[in-house]
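First to last, the protein sequences are chains A and B.
Number 90 in our numbering belongs to position 90 of the first sequence; there are no gaps in the numbering.
Count along the second sequence starting at 1, add 150, and that's the number in our numbering.
Ideal Cβ positions, reconstructed from N, Cα and C, are used throughout, including at glycine.
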Amino acid sequence: MKLNYLFPNKYKKIGWLLLIPSAIIGLITLILEFEPNSLDFNVPALFIDELFGEKHFIGIVSDNVLNEILAVLIIISSLLVAFSKEKSEDEYISKIRLESLVWAVYLNYAILLISFLFIFDLSFLWVMVFNMFTILLFFIIRFNWQISKL
Amino acid sequence: MKNSIKVERAKKNITQAELAKLAKVSRQTINAMELGKYVPSTVLSLRLAQIFEVEISEIFTLEDSDWV
């Protein structure tokens, strides 16, 4: 069976090598609210809604790009970890992959539903920050746990 | 669905790992099938039949629960 929606096996290792450091640095910078001045740039934006300004489409905003860099690294590397082929990718592994993906979506939205109901205002911003990455994270944990049990 | 992979394997005197290599799947997949935890695809079933040199129906048998 040919699977063309998965990356080759070697990308899994590359994914882990990128994911672990960028996730750790990401968490640390998030907690310490670390934003080095050297990474302040004027960057193009698609939609702008300034606190005391007007709303408009397309323009330039000043932004600290550290979180953008880290988020891009985390997303790409977790995609590589999640969707690279196993060493022996066969139909049974595919079944476990699918089950883990469904499980991860259920868990992610169960947590999001509870968060919607019981977390409010600015605290909810934290939920959204983490929710961007948790679906892949839950999948990676569940899938690798199932594979390791075989 | 029941299967006689383990029996056929014994007749041929090959290990799970050897069968896995012949069928081009992982050893874990062979093990999961023998334990009845995984129902193989048509392609893999046909491969197994060819490896064991028997008809596919000699390896796999439907059970009542397969009709529910």
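Cβ neighbour criterion (16 or more within 10 Å) applied to residue i
i        : result
B:Pro190 : buried
A:Gly15  : buried
B:Val175 : buried
B:Met183 : buried
A:Ser148 : exposed
A:Ser123 : exposed
A:Ala110 : exposed
B:Gln200 : exposed
A:Gly26  : buried
B:Glu203 : exposed
A:Leu46  : exposed
Cβ of residue i within 8 Å of any chain B Cβ
i        : result
A:Leu6   : no
A:Tyr92  : yes
A:Ser100 : no
A:Lys95  : yes
A:Ser62  : no
A:Leu136 : no
A:Leu30  : no
A:Leu39  : no
A:Leu18  : no
Selected residue, minimal CA-CA separation from residue i, among the options
i        : options                                   : result
B:Leu169 : B:Ser195, B:Lys152, B:Lys187 and B:Met151 : B:Ser195
A:Met132 : A:Trp145, A:Ser94, A:Leu122 and A:Leu112  : A:Leu112
A:Ser62  : A:Leu73, A:Val72 and A:Asp49              : A:Asp49
B:Ala173 : A:Ser123, A:Ile58, A:Asp90 and A:Ser148   : A:Asp90
B:Lys187 : A:Ile135, A:Asn67 and A:Lys95             : A:Lys95
A:Val105 : A:Leu125, A:Phe143, A:Lys87 and A:Phe118  : A:Phe143
A:Leu17  : A:Glu86, A:Pro8, A:Leu73 and A:Phe83      : A:Leu73
A:Glu35  : A:Tyr92, A:Trp126 and A:Ile69             : A:Ile69
B:Ile180 : B:Asp216, B:Val218, B:Asn153 and B:Trp217 : B:Asn153
A:Ile20  : A:Val127, A:Phe52, A:Leu30 and A:Val81    : A:Val81
A:Leu150 : A:Ile24, A:Leu117 and A:Tyr92             : A:Tyr92
A:Lys12  : A:Leu125, A:Phe130 and A:Lys87            : A:Lys87
Any C-beta of chain A under 8 Å from that of residue i
i        : result
B:Ala182 : yes
B:Val175 : yes
Please determine if the stretch 96-110 of chain A and the stretch 137-146 of chain A are in contact, where contact requires at least 3 C-beta pairs separated by less than 8 Å.
-> yes
Should the stretch 77-94 of chain A be called in touch with the stretch 33-46 of chain A, which here means at least 3 C-beta pairs below 8 Å?
-> no
Select from the stretch 70-88 of chain A all residues with a C-beta closer than 7 Å to any C-beta belonging to chain B, and list them in chain order.
-> Ser88
Taking Cβ-Cβ distances below 7 Å as the criterion, which residues of the stretch 153-178 of chain B are in contact with chain A?
-> Val175, Ser176 and Gln178
Chain-ordered residues of the stretch 186-202 of chain B with a beta carbon less than 8 Å from chain A = Tyr188, Pro190, Ser191, Val193 and Leu194
Interface residues of the stretch 108-136 of chain A facing chain B [CB-CB below 7 Å] | none
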